[in-house]
Amino acid sequence: MPIRFHEATKTFHLYNQHLSYLMKVLPGGELIQLYCGKALHDRPDFDHLFECRPRPMSVCCSEEDDALSLEHLRREYPTCGTGDMHLPALDARTPAGSRLLALTYREHSIVPGKPALEGLPATYVEAPEEADTLRMVLADDRAGVTVTLYYTIFRDFAAIARHAEIGYTGPGTLELDCAMSLCLDLPDADYEMMELTGAWARERQIVTRPLTAGVQGVYSLRGCSSHHFNPFLALARPGSGEIAGEVLGFSLVYSGNFAARADVDPYHQTRVTMGIHPQNFCWPLTTGQTFTTPEAVLV
């Protein structure tokens, strides 16, 4: 279950015998996602998976390149104010009132095992050789914001555990209004969304519906996950079943206000976000403080 970093192409490959997860750092420092699915053989260059083409009425990163738009790139931890029109993973307000954050790659490290998630429920391993963890640091130096993304891939399971730590080193107080545990951009919307809902004495009813344009999902504002809506989503290719098919599952290891949503844009690209519900959420950070999101598991 190695985690490989290919320096020449700035590509990260997390894989085991079941799955592969690929990320790439662009020349400007933006961290994007290339692939999530069945296991691939490792290679130094996966740039054939990078989709970048001009689209009308898009917000572009520069006048010289009308194909590079954060509105259409598959981003790992998107923020507000940089041209991305989808739901963000992070929305924060600086002391000056700005919500614009431009997170770029700073550094990374790879460690054996799975670090404990202090004060929060989480998956775990009993020996370091059962998992590897990638620690990815993104930063906006002007705003004094750092985001550390954790990805743990397990040796024997088709699963990746994720969470984020948001740190602040600037003056005054940074207010977090949204901090998701997981964000996953998918290149298409040909999925059926499965959710678990119910009520007293009829818990865990399976509800399936096709993805459509716009935002759909489940949430809870009851202060707990509850039997009304479970903090879980699955996206299945049409025709998938118990024995065969392609299914992505998302589960939040947390009981509290949560949101699990799929946002489909006009080009049929899908963004899945999962974490603490942003309604009534506001977490202040002063200089030197950090906030840790709950863990989410991608299967």
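Residues 1 to 299 in full-length UniProt numbering are what the sequence shown spells out, letter by letter. All residues carry an ideal CB built from backbone N, CA and C; glycine is no exception.
Looking at residue i: is its Cβ nearer than 9 Å to the Cβ of residue j?
i: residue 304; j: THR173; result: Past the boundaries of the shown model lies residue 304; the chain is included only from 1 to 299, so the question cannot be answered.
i: HIS163; j: GLU71; result: no
i: LEU100; j: TYR77; result: no
i: TYR254; j: LEU120; result: yes
i: ALA259; j: ILE276; result: yes
i: LEU248; j: LEU196; result: no
i: LEU184; j: CYS282; result: no
i: THR94; j: ALA139; result: no
i: GLU51; j: TYR105; result: no
i: VAL215; j: VAL264; result: yes
Give the C-beta separation of residue i and residue j to the nearest angstrom, bearing in mind that I take them to be a contact with Cβ-Cβ under 8 Å.
i: MET180; j: ALA234; result: Actually they do not touch by this definition, with Cβ atoms about 18 Å apart.
i: HIS108; j: LEU73; result: Incorrect: roughly 19 Å between the Cβ atoms, too far for contact.
i: ARG271; j: HIS86; result: 5 Å
i: ALA89; j: THR273; result: 6 Å
i: PRO171; j: THR290; result: Incorrect: roughly 17 Å between the Cβ atoms, too far for contact.
Suppose the cutoff is 7 Å on Cβ atoms and the five residues either side in sequence are ignored; what does the same chain contact list for residue i look like?
i: SER226; result: SER220
i: PRO44; result: HIS6, ALA8, THR9
i: GLU203; result: HIS227
i: PRO128; result: PRO112, GLY113
Sort the options by Cα distance to residue i and report the nearest one.
i: SER240; options: VAL215, TYR191, ILE166; result: TYR191
i: CYS178; options: SER251, THR79, GLU7, ARG204; result: THR79
i: GLN279; options: HIS13, LEU176, LYS114; result: LEU176
i: SER98; options: GLN216, VAL218, VAL145; result: VAL145
i: ALA213; options: GLN269, ARG222, TRP200, PRO187; result: GLN269
i: LEU40; options: VAL264, ALA96, ARG75, TYR21; result: TYR21
i: PHE46; options: GLY217, ASP84, VAL215, PHE12; result: PHE12
i: GLU126; options: PRO2, GLN216, ARG209, GLY113; result: GLY113
i: GLN33; options: GLU242, LEU186, VAL147; result: LEU186
i: TYR151; options: THR82, CYS224, LEU117; result: LEU117
i: ALA189; options: PRO238, CYS224, GLY245; result: PRO238
i: THR208; options: ARG202, GLY217, TRP200; result: GLY217
i: LEU182; options: ALA201, ARG75, CYS224, PRO2; result: ARG75
i: GLU246; options: GLY28, LYS38, MET23; result: LYS38
i: TYR124; options: ALA159, ASP91, PRO2; result: ALA159
i: VAL147; options: ALA236, GLY167, LEU211; result: GLY167
i: PRO210; options: ASP91, CYS224, ALA236; result: ALA236
Kindly list the residues whose CB is nearer than 8 Å to the CB of residue i, restricted to its own chain and excluding five residues on each side of it in sequence; keep chain order.
i: VAL111; result: ASP132, THR133, ARG135
i: ARG222; result: HIS228, ASN257
Could you pull out every residue in the same chain whose Cβ sits closer than 6 Å to the Cβ of residue i, ignoring the five residues on either side in sequence?
i: PHE232; result: LEU196, SER251
i: GLU130; result: ARG155
i: GLN205; result: THR197, GLY198
i: THR292; result: GLU165
i: PRO266; result: none
i: ILE3; result: LEU14, ILE110, ASP132, LEU134
Does the beta carbon of residue i come closer than 9 Å to any beta carbon on chain D?
i: TYR254; result: The question asks about chain D, but that chain is absent: this structure has only one protein chain.
Problem - Segment contact flag, the stretch 136 to 155 with the stretch 1 to 21, C-beta cutoff 8 Å, min 3 pairs - result: yes
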